[in-house]
Amino acid sequence: MQGSANLNLMIKAARKAGRSLVKDFREVENLQVSAKGPGDFVSKADREAERIIKEELMGGRPSYGWLGEETGETAGEDPTRRWIVDPLDGTTNFLHGLPHWSVSIALEHKGQIVSAVIFDPAKDELYWAEKGAGAWMNDKRLRVSGRRNMIEAIFATGVPFGGRGTLPATLQDLARLMPVCAGVRRWGSAALDLAYVAAGRYDGYWERGINAWDIAAGMLLVREAGGFVSGIREDDDPLEKGAVICGNEGLFEPFRKIIRGE
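Position one of the sequence shown corresponds to residue 406 (the numbering used here), numbered consecutively onward.
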């Protein structure tokens, strides 16, 4: 596996956190869990995974900034670089014993994501990308799907827990999309949804009300696999506005028009 020093540091951190999470996943019923809000649970495993990642990344690059789901944002001495980390994307799946969750790490440089790692420990699938160097899963080069017909396509999304904020808009999206495609999947890990688009397993993905740490790494994976990524509104930055849509070359525009209601 050829990659930059930063990428190798990210992979090391993701694998180390993954080993810790797998150990806790095997004993998920015994985890002490505290709630920080409806549908957004924080576990002992989640916090420990972020601690491990932060120790590895900041130990190797102490001048970089930090944005983590659990520990928030910290400015770095180097204002141009920032780690963006979700130590456990798919917490609800994890706590219910469902083996569909991931570790997501991105490196941002001057506002652009330049390196990305998403690790699925349950399947031992390591997705990684660097800007201009393609997207990979383990040692396999990734490419988005080649499907061109909406009626054959499968899309993924996330539905907000408990009817929060964006649920009405998401339900309207589903009402427009489902009659014209082969199906919509909601598996509960935005990072893996994006990785699956990059791998050609899904043909597209969209979500409203999403956080930067959920999607930063996956956005680069999709782009480096030949896909298109944008805000749902064309000029919006998904990392700032919290709404993202992506797809392959043939389906991206018709898919985006449907989600926009055009």
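We put the beta carbon where it would ideally sit given N, CA and C, even for glycine.
Beta-bridge analysis with DSSP links VAL490 to GLY473, ILE510. Looking only at GLY570, ARG569, ARG590, the smallest Cα-Cα distance to LEU579 is reached by ARG590. DSSP, read as helix, strand or coil, puts THR485 in coil. Secondary structure remark: continuous beta strand (DSSP E) runs of at least 3 residues inside the region 514 to 570, in chain order: 517 to 525, 530 to 535, 540 to 542, 559 to 562.
Taking C-alpha positions only, ARG431 is separated from GLY502 by approximately 8 Å. Listed in chain order, the non-local C-beta contacts of ARG548 below 7 Å within the same chain comprise GLY605, ALA630, GLY631, local neighbours out to five positions each way being set aside.
Of the candidates LEU576, THR476, ASN543, THR476 places its Cα closest to the Cα of ARG452. DSSP, reduced to helix, strand and coil, places ILE615 outside both helices and strands of the structure shown, so it counts as coil.
Residue environment analysis places VAL585 among the exposed positions, since fewer than 16 neighbouring C-beta atoms fall within 10 angstroms of its C-beta.
Shown here for ALA511: same chain residues with a beta carbon closer than 6 Å to its own, the five before and five after excluded, namely ILE489, ILE518, ALA521, ALA621, ALA622 in chain order. Residue range 588 to 590 is occupied by the beta strand (DSSP E) that includes ARG590, with no alpha helix (DSSP H) assigned at that position. Excluding sequence positions up to five before and after GLY470, its CB lies within less than 6 Å of the CB of ALA480, GLY481, ARG487, all in the same chain and listed in chain order. Counted as a single uninterrupted DSSP element, the stretch harbouring ILE650 is not any alpha helix (DSSP H) but the beta strand (DSSP E) occupying residues 648 to 652.
GLY614 places its beta carbon less than 7 Å from that of GLY570.
Within its own chain, no residue has a Cβ closer than 6 Å to the Cβ of GLU645 once the five positions on either side in sequence are excluded.
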